[in-house]
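**Student:** Residue 30 in my numbering sits at position 37 of the sequence shown; the count goes up by one each step and never skips.
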Amino acid sequence: MMAKTYCPYFDPEYENLSARINPPRVSIDNTSCSDSTLIKVDSMNKPGILLEVVQILTDLDLVVRKAYISSDGGWFMDVFHVTDQQGNKITDYKTIEYIDKVLGPKGHLTDRIKMWTGKRVGIHSIGEHTAIELIGKDRPGLLSEISAVLAGLQINVVAAEVWTHNMRIACVLYVNDESTSHVVDDPNKLSDMEDQLRNILRGCDTGDNDRDNKVARTSFSMGFTHIDRRLHQMFFADKDYETCSPDPDSDCPPSSKPIVTIDHCEEKGYSMVNIRCKDRPKLLFDVVCTLTDMQYVVFHAAVSSDGPDALQEYYIRHRDGCTLDAEGEKERVVKCLEAAVQRRVSEGLRLELCAKDRVGLLSEATRILRENGLSVSRAGVTTVGEQAMNVFYVRDASGNPVDTRTIETLRKEIGQTMMLNVKKQQGPTVGSKAKPPEATSGWAKTSFFLGNLFERFLA
C-alpha cells in the first residue's frame, strides 16, 4: 500500500494559477494518419479531466479508434485517433472549431461546464424542464405505463434516456407542464406524479422481495450531471453488478460478456486493468466514467478498436494513492466494469419514430410496441422545435429477433401520424468505413444520432 501524498495540482488556487501560466493546448491533425483524425490534448492535470475530455468527444458522436493517455504527475497528455460514425476523418469546420474552443485555452479559463452544451441532468441545466429519475425492476410494458401516467397528468416528455440491465430499468426524463410549457412546479401535481410513478415501478410486488420494493425510486433531479453518467451512477447505486443471469435471453448473454482482468504492476506501483470485449460506440466513456465514479485515477492507458473487438488497458490507483490489493476489491471492480460495458449494449431491432411533438406521443408509441408483444431494452427521446424523435431498441417478449410480420403490423398501426424507420443493426461497424445500415422504410433521413439532437435541444 502506498502512502498518501499531497499533490499541489489538486489545489484549486494552484490549478487556476498554473492554467494561466501554462494554458492547455489542442492539436487537431488530419494529415499524420491516413484513416483517422488525431486530436492531441496537453493540459494541466486535475481530477476528472480524462472523463471531461472523453465526454466531449463522445457527445459529438466521434468514434475513438485508438487512444494513448498519460497523466502521471502535474501534466495531462492524450492522443485520440477519431472518426465520424461512418469511419471518415473529421473535416467539418464547425466541429473542429468547437473542439478547439472547448478543450483549448478559452475552454479552460472559462467555466467549461457552462460552456459545454452536452447532455446533462438537472432543472437548471436545461431551462424550462423538470428532470425525473426512475429506477426499479424491469418488466414488459413498463415504459408504456410510465409514459401513460405522464400523459394522463398532461405532462409532456421532451427528452429521455432509458436503459435496462440485469432485469432493472433506469431512466431520466425531461418533462414540462403542457398548460404552461414550463417546469412542473405545482406541488400537488408533483406529489401525484411521484406517487403514481412509484406505484408503477413497484408493479405487482407483494412484499416478498424486499429489494425490489426498496429500490423502486422516483426523484426530481436538481443535479448538474451528464445524463449518461447519471444513468451509470443510478445503476451502480442500485448494485446491478452483483448478479447476472446465465439465461441466454437475459440482458447479458455469455457471448457479449467482456473479459476483465486486474494485475499488479510492481515496477511502477499501479494496478493494471485489461478489458477485452466487442467494440461499440461510447465504450471508452462508459469505462472511464465507471472508474472515475468508483474513485480510481487513470495514470496511463492504451485503447485500440481496430476491428470487431476492443482492447483497453488502464494503469490505475485509488484516489487515495493505493493500488487494488485486496481480492474482494478486485472482484468488485471487475463486476462493475462488466456491468458498465453491458448496460449500453442494445441487441435487437432499432426503431426510429419521427412525429410532431404532442402530449401523449411517447405513450402512444410505447403502447403500440407493447400491444405487438415487443419489449424495449433501450430508448431515447429528443424534441427539436416541434419535431419529436423516439428511438427504441426492441425484441419480442422472449428476447428473440422481431419478425417481418410484426414490423408490417407496426407500420399499419402507426399510420400517418408518425414516420417509422427500421434498422436491423445498431449502426455502422466501429473502426471501419462500413456504410450505415440500410433502413427498411422510405424515410429519407438515413441517420439520426441522439448526441447531436441533444446538443440542439439544450443549446
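Here a beta-carbon is modelled for each residue, glycine too, at the ideal position from N, C-alpha and C.
Could you give the DSSP three-state label for methionine 382: helix, strand or coil?
**Tutor:** As a working note, residue 382 is residue 389 in the sequence shown. The answer is strand: DSSP assigns methionine 382 an E or B state.
**Student:** Could you tell me the alpha carbon to alpha carbon distance between methionine 265 and isoleucine 89, rounded to whole angstroms?
**Tutor:** For the purposes of this step, residue 265 is identified with residue 272 of the sequence shown, where counting begins at 1. For the purposes of this step, residue 89 is identified with residue 96 of the sequence shown, where counting begins at 1. Going by the C-alpha atoms only, they are around 33 Å apart.
**Student:** Within its chain, find whatever has a CB closer than 8 Å to the CB of threonine 199; leave out the 5 residues flanking it on each side and keep chain order.
**Tutor:** Residue 199 sits at position 206 when you count from the first residue of the sequence shown. Here threonine 199 scores only 45 on pLDDT, less than 50, and its place in the model is too uncertain to base an answer on.
**Student:** With the cut-off set at 8 Å, would you say phenylalanine 69 and serine 36 are in Cβ contact?
**Tutor:** Here residue 69 corresponds to residue number 76 of the sequence shown, with the count starting at 1. Here residue 36 corresponds to residue number 43 of the sequence shown, with the count starting at 1. Yes; because the gap between Cβ atoms is below 8 Å, this pair is in contact.
**Student:** For glutamine 380, does the count of other Cβ atoms within 10 angstroms reach 16, so buried, or fall short, so exposed?
**Tutor:** Here residue 380 is taken as the residue at index 387 of the sequence shown, counted from 1. Glutamine 380 comes out exposed.
**Student:** For the beta strand (DSSP E) that alanine 163 lies in, which residues bound it at each end?
**Tutor:** Translated into positions along the sequence shown, residue 163 becomes position 170. That run of the beta strand (DSSP E) goes 161 to 170.
**Student:** Should the segment 364 to 379 be called in touch with the segment 152 to 163, which here means at least 3 C-beta pairs below 8 Å?
**Tutor:** Contact between the segment 364 to 379 and the segment 152 to 163 is present, because at least three Cβ pairs lie under 8 Å.
**Student:** Ordered along the chain, which non-local residues of its own chain (more than five positions away) have a Cβ less than 7 Å from that of threonine 157?
**Tutor:** The sequence position of residue 157 within the sequence shown is 164, counting from 1. If we look at threonine 157 and ignore the five residues flanking it on each side, its Cβ neighbours are Asp131, Asp244, Ser370 and Arg371.
**Student:** For the structure I just gave you, are there three or more beta carbon pairs, one from the segment 176 to 191 and one from the segment 293 to 308, closer than 8 Å?
**Tutor:** Taking 8 Å as the limit for Cβ pairs, the verdict is that the segment 293 to 308 does not touch the segment 176 to 191.
**Student:** With C-beta atoms as the reference, is asparagine 149 less than 8 Å away from glutamate 126?
**Tutor:** Here residue 149 corresponds to residue number 156 of the sequence shown, with the count starting at 1. Here residue 126 corresponds to residue number 133 of the sequence shown, with the count starting at 1. No.
**Student:** Taking only the alpha-carbon atoms, compute the straight-line gap between leucine 136 and lysine 416 and give it to the nearest angstrom.
**Tutor:** One-based indexing of the sequence shown puts residue 136 at position 143. One-based indexing of the sequence shown puts residue 416 at position 423. Going by the C-alpha atoms only, they are around 21 Å apart.
**Student:** Grouping DSSP H, G and I as helix and E and B as strand, with all else coil, what is aspartate 302?
**Tutor:** Start at 1 with the first residue of the sequence shown, and residue 302 comes out as number 309. It is a strand residue.
**Student:** Relative to the C-alpha of alanine 358, which candidate in Thr24, Arg223, Ala141 and Ala163 has its C-alpha closest?
**Tutor:** Taking the first residue of the sequence shown as position 1, residue 358 is located at position 365. Of the listed residues, the one whose Cα sits closest to alanine 358 is Ala141.
**Student:** In this structure, how does DSSP classify asparagine 365 when only helix, strand and coil are distinguished?
**Tutor:** Taking the sequence shown and counting its residues from 1, the one referred to as residue 365 is at position 372. Correct three-state label for asparagine 365: coil.
**Student:** Is it true that the segment 346 to 365 meets the segment 267 to 274, where meeting means three or more beta-carbon pairs spaced less than 8 Å apart?
**Tutor:** Taking 8 Å as the limit for Cβ pairs, the verdict is that the segment 267 to 274 does not touch the segment 346 to 365.
**Student:** From the DSSP output, in three-state form, read off asparagine 192 for me.
**Tutor:** On the sequence shown, position 199 is the one that residue 192 refers to. In this structure, asparagine 192 counts as helix in the three-state DSSP scheme.
**Student:** Spell out the partners DSSP gives cysteine 347 in its beta bridges.
**Tutor:** For the purposes of this step, residue 347 is identified with residue 354 of the sequence shown, where counting begins at 1. Partner(s): Met382 and Met412.
**Student:** Say whether the segment 78 to 95 touches the segment 321 to 331, bearing in mind that this needs 3 or more beta-carbon pairs closer than 8 Å, one atom from each stretch.
**Tutor:** In short, these stretches do not touch, since the Cβ pair count stays below three.
**Student:** Would you grab the beta carbon distance between isoleucine 21 and isoleucine 32 for me? Rounded to a whole angstrom, and I think it's under 8 Å.
**Tutor:** Along the sequence shown, read from residue 1 onward, the residue named residue 21 stands at position 28. Along the sequence shown, read from residue 1 onward, the residue named residue 32 stands at position 39. About 6 Å; that satisfies the 8 Å criterion.
**Student:** Is it buried or exposed for histidine 122, if we count other Cβ within 10 angstroms and need 16 for buried?
**Tutor:** Along the sequence shown, one-based indexing puts residue 122 at 129. Burial call: buried.
**Student:** Rank Pro133, Ile128 and Ile42 by C-alpha distance to the C-alpha of serine 391 and give the top, closest one.
**Tutor:** Taking the first residue of the sequence shown as 1, we reach residue 391 at position 398. Ranking the options by Cα distance to serine 391, first place goes to Pro133.
**Student:** Under 8 Å Cβ to Cβ from aspartate 286, same chain only, skipping five residues before and after it: list those, please.
**Tutor:** Numbered from 1 along the sequence shown, position 293 holds the residue referred to as residue 286. Correct list, in chain order: Arg222, His225, Gln226 and Phe229.
**Student:** Tell me the rounded alpha-carbon separation between aspartate 52 and glutamine 78.
**Tutor:** Position 59 of the sequence shown, counted from the start, is the residue given in the question as residue 52. Position 85 of the sequence shown, counted from the start, is the residue given in the question as residue 78. Straight-line Cα distance between these residues: approximately 12 Å.
**Student:** Quick one: measure Cβ to Cβ for glycine 145 and leucine 194, integer angstroms, because I've assumed they're closer than 8 Å.
**Tutor:** Here the question's residue 145 lines up with position 152 in the sequence shown. Here the question's residue 194 lines up with position 201 in the sequence shown. Wrong, their Cβ atoms sit about 16 Å apart, outside the cutoff.
**Student:** Would the beta-carbon of valine 294 fall within 8 Å of that of isoleucine 62?
**Tutor:** The residue given as residue 294 occupies position 301 in the sequence shown. The residue given as residue 62 occupies position 69 in the sequence shown. Per the sequence shown, the amino acid found at residue 294 is alanine instead of valine. Yes, they are a contact pair.
**Student:** Looking only at its own chain, which residues have a Cβ that is under 6 Å from the Cβ of aspartate 93, when we skip the five neighbours before and after it?
**Tutor:** Stepping through the sequence shown from its first residue, residue 93 is reached at position 100. Excluding positions up to five away in sequence, the list reads Val19.
**Student:** Could you check if asparagine 383 is buried or exposed, using at least 16 other CB atoms within 10 Å of its CB as the buried criterion?
**Tutor:** The residue given as residue 383 occupies position 390 in the sequence shown. Buried: at least 16 other Cβ atoms inside 10 Å.
**Student:** When the Cα of cysteine 315 is compared with those of Leu277, Tyr289 and Glu45, which residue comes out closest?
**Tutor:** The sequence position of residue 315 within the sequence shown is 322, counting from 1. Cα-wise, what sits closest to cysteine 315 is Tyr289.
**Student:** Return the CA-CA distance between glycine 41 and arginine 336, expressed in angstroms with no decimal places.
**Tutor:** Stepping through the sequence shown from its first residue, residue 41 is reached at position 48. Stepping through the sequence shown from its first residue, residue 336 is reached at position 343. Each residue's Cα considered, the two are about 22 Å apart.
**Student:** Could you tell me the alpha carbon to alpha carbon distance between valine 326 and serine 27, rounded to whole angstroms?
**Tutor:** Residue numbering aside, residue 326 sits at position 333 when the sequence shown is read from its first letter. Residue numbering aside, residue 27 sits at position 34 when the sequence shown is read from its first letter. Approximately 37 Å, taken between the alpha carbons.
**Student:** By alpha-carbon positions, which one of Ala124, Ile220, Val165 and Gly341 ends up nearest to histidine 175?
**Tutor:** The residue given as residue 175 occupies position 182 in the sequence shown. Cα-wise, what sits closest to histidine 175 is Ala124.
**Student:** In its own chain, which residues sit with a C-beta less than 6 Å from the C-beta of aspartate 256, not counting the 5 before and 5 after it?
**Tutor:** What you label residue 256 is simply residue 263 of the sequence shown in a count that begins at 1. Met265.
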